[in-house]
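Worksheet: one structure, shown below.
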Amino acid sequence: MANAISGFSKLSKLDKIDWLINTYFTDKDSAKTLITQYWNSNEKLQKLHDEFIENTITNYYLPLGVAPNFLINDTLYTIPMAIEESSVIAAASKAAKFWFDRGGFKTTVISTEKIGQVHFTYNGDFKTLESFFEKTKPLLISSTSDITKNMVRRGGGILDIELRDKTKELSNYYQLHATFETLDAMGANFINSCLEQFAQTFKNEAETGLKGDLDIVMSILSNYVPNCLVRAEVSCNIEDLKSKDIPNPELFVQKFKQAINIAEIEPFRAVTHNKGIMNGIDAVVLATGNDFRAVEAGVHAYASRQEKYSSLTHCSINNGVFKFWIEIPLALGTVGGLTNLHPLVKFSLELLEKPSARDLMQIVAVAGLAQNFAAVKSLTTTGIQEGHMKMHLMNILNQFEATAEEKTNIIEHFKTNVVTHSAVVEAIEKLRN
Ligand code: MEV
C-alpha cells in the first residue's frame, strides 16, 4: 500500500506524474509515456486544459462525432455528440433521417425557471418567522442588486422568494425557496451567489429583528428543475411509417406503444429505457460544455415525480396518427462556464449556429427522443444486438490492431454472419493463419 502524501497539489505536473509512476507502476517508462503522449503539443492549449481542473496529469479523450439531418421546427441541424459508446451516433443519425422524411421534430420550451434554496433552522414560532420574512423580503432582493444588475438588464434575474415550512418533515427546518430566470446562462454561479447573499442578509436582519435563534445550514441551487421544461415530438400517419425496416406499420406501432407503456409502468425497464434517452442527451450536453451530472440528476428526479420511476417518453395512436414525445427538464447554458473556453465546445456551438439556451434545450430533447425512437424500434423489431455487434466489430478489430485489408475482409465476412466477440476473434485468427 502507498504512503499518504502531503503537498501533492503543489508539485509540478511532471513531479506529480513521477510520484504516481514510482508509487504504482512496474513498467515505469511505458506508464510515463502513456501519460505524456496524450499531452497536446500546443502548449497554450495544453495549459488551458490543465487549468480546467486540479491535479491534471494528462488529457482523457472521448470521440466527438456528429449526427446530421436533424430537422427541428423546420431548421436543419447537424448535432455534435461526445460519447464513447458505439452505435449511439449511428442510431441518432438513422432516426434523424427517418423523421426528416416525415416532417421532422417539433419542439416547444414550456418553461425556463431555475431554483435555489437557503436551508436554515429556526426555533421560534412560524407566524413570527413569516412576518419577519415578509418584512425582510424586499431587502433580500435589493441586497443582491450588484450580482443581479447585468442579468436584470438582459431581462432575467430573481423571480420570487418564498418561505417554506418543512418542520413537519424535520424539526426547526425551513427554506428560502427562490426562483430565477438565467436566460442563456446555466446560472449555477449566479444563483449560488444570490443565495449566499440572501443568507447573509437574512441572518444579519434576524440578529436584531427576530425573536429566537435562526441558523443558516447551507445555500445552494437545486439541480431539480421541473419548471425548466422542454417538449419534443414526432408524429405522422401510421401508413407513412412504412419503410425497409417497417414493412408492417400497423403492427410496428402496436408493439412500439406496448414497449413505451411497459417503460411507463415498470421501473426496471424504465431505467434502461431512460438510459438510452440519456445516451443522446448526455452526448450533446457534453459536446456543448454543459454539466451532464446536473442534467442526469434533474432528469431522473423528474422521471420519479409521480409515485414511481417511469418513462420520459410517451406515445399515442389516435385516428391513424402515431405520435411520440418526450418532456424533460433541462437546465443548460450557451454562455459562461466552459462554453467560452473549450475550443471543441466553441466548435460545437458554432456547428449548432450559436443557439440560445432555449434553442439548445430543444436540440438536446430531440437528441434524446431520436435515441429512444431508434432503441425501441430496434428492440421491438430486430433486437438490439444485430446493429450493436456490427458497430462493436470495429472496436474488436481495433483491439487486435487489424490492418485495413484485414478489416475489409472481416467486415465482408460478417455481412452474412452473426457478430459475437468469439466469432470475430476466431475470424481474425483464421485470417492471420
Ligand atoms: C444501450 O446503451 C441503451 C439501450 O439499452 C436503451 C434501451 O434499452 O432502450 C439500448
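According to our numbering, the sequence shown is numbered sequentially starting from 1018. Backbone N, C-alpha and C define an ideal beta-carbon position, used for all residues, glycine too.
- A direct Cα-to-Cα measurement between Leu1200 and Leu1246 gives close to 14 Å.
- For the ligand MEV, no non-hydrogen atom lies closer than 7 Å to the CB of His1331.
- A straight line joining the alpha-carbon of Glu1324 with that of Met1235 spans about 29 Å.
- When C-alpha distances from Lys1371 are compared across Val1251, Lys1261, Thr1153, Pro1097, the shortest belongs to Pro1097.
- Note: Asn1335 is bridge-paired with Val1338 in the DSSP secondary-structure output.
- With a cut-off of 8 Å on Cβ pairs, the stretch 1336-1353 is in contact with the stretch 1305-1313, counting three or more such pairs.
- Taking a 10 Å sphere around the C-beta of Ala1019, we find fewer than 16 other C-beta atoms and assign the residue as exposed.
- Cα atoms of Thr1425 and His1405: separation of roughly 18 Å, rounded to the nearest angstrom.
- Here Met1235 carries a strand assignment [DSSP, helix/strand/coil].
- Two segments are said to touch when three or more pairs of C-beta atoms, one from each, lie closer than 8 Å; by this definition the stretch 1088-1106 does not touch the stretch 1214-1231.
- Taking a 10 Å sphere around the C-beta of Ser1148, we find fewer than 16 other C-beta atoms and assign the residue as exposed.
- The beta-carbon separation of Ile1427 and Val1442, rounded to 11 Å, does not stay under the 8 Å limit for a contact.
- Counting only runs that start and end inside the stretch 1312-1371, the beta strand (DSSP E) elements of at least 3 residues fall at 1330-1335, 1338-1346.
- DSSP places Glu1179 outside any alpha helix (DSSP H); the residue lies instead in the beta strand (DSSP E), whose first and last residues are 1174-1182.
- Between Ser1252 and Glu1281, the C-beta spacing is not below 8 Å.
- By alpha-carbon distance to Tyr1078, the top candidate from Leu1361, Pro1243, Lys1114 is Leu1361.
- Just measuring C-alpha positions, the residue of Leu1062, Thr1075, Ser1023, Ser1058 sitting nearest Leu1031 is Thr1075.
- DSSP places Thr1225 in the uninterrupted alpha helix (DSSP H) bounded by 1205-1226.
- Under the DSSP assignment, Arg1248 falls outside any alpha helix (DSSP H), being part of the beta strand (DSSP E) whose first and last residues are 1246-1254.
- Counting the other CB atoms within 10 Å of its CB gives Ser1333 a total below 16, which places it among the exposed residues.
- Relative to the non-hydrogen atoms of the ligand MEV, the Cβ of Gly1350 never comes closer than 7 Å to any of them.
- In the DSSP assignment, Glu1198 forms a beta bridge with Gly1174.
- In its chain, beyond the 5 residues on either side, Ala1391 have a beta carbon closer than 7 Å to the beta carbon of Lys1111.
- Ranked by Cα distance from Lys1274, the first of Tyr1041, Val1393, Lys1144 is Val1393.
- Contact between Leu1176 and Phe1197 holds, since their C-beta atoms are separated by about 6 Å, short of 8 Å.
- For His1317, the distance from the CB to the nearest heavy atom of the ligand MEV is not below 7 Å.
- Rounded to whole angstroms, the gap between the alpha carbons of Ser1210 and Ala1320 is 29 Å.
- The Cβ atoms of Arg1248 and Trp1116 lie no closer than 8 Å to each other.
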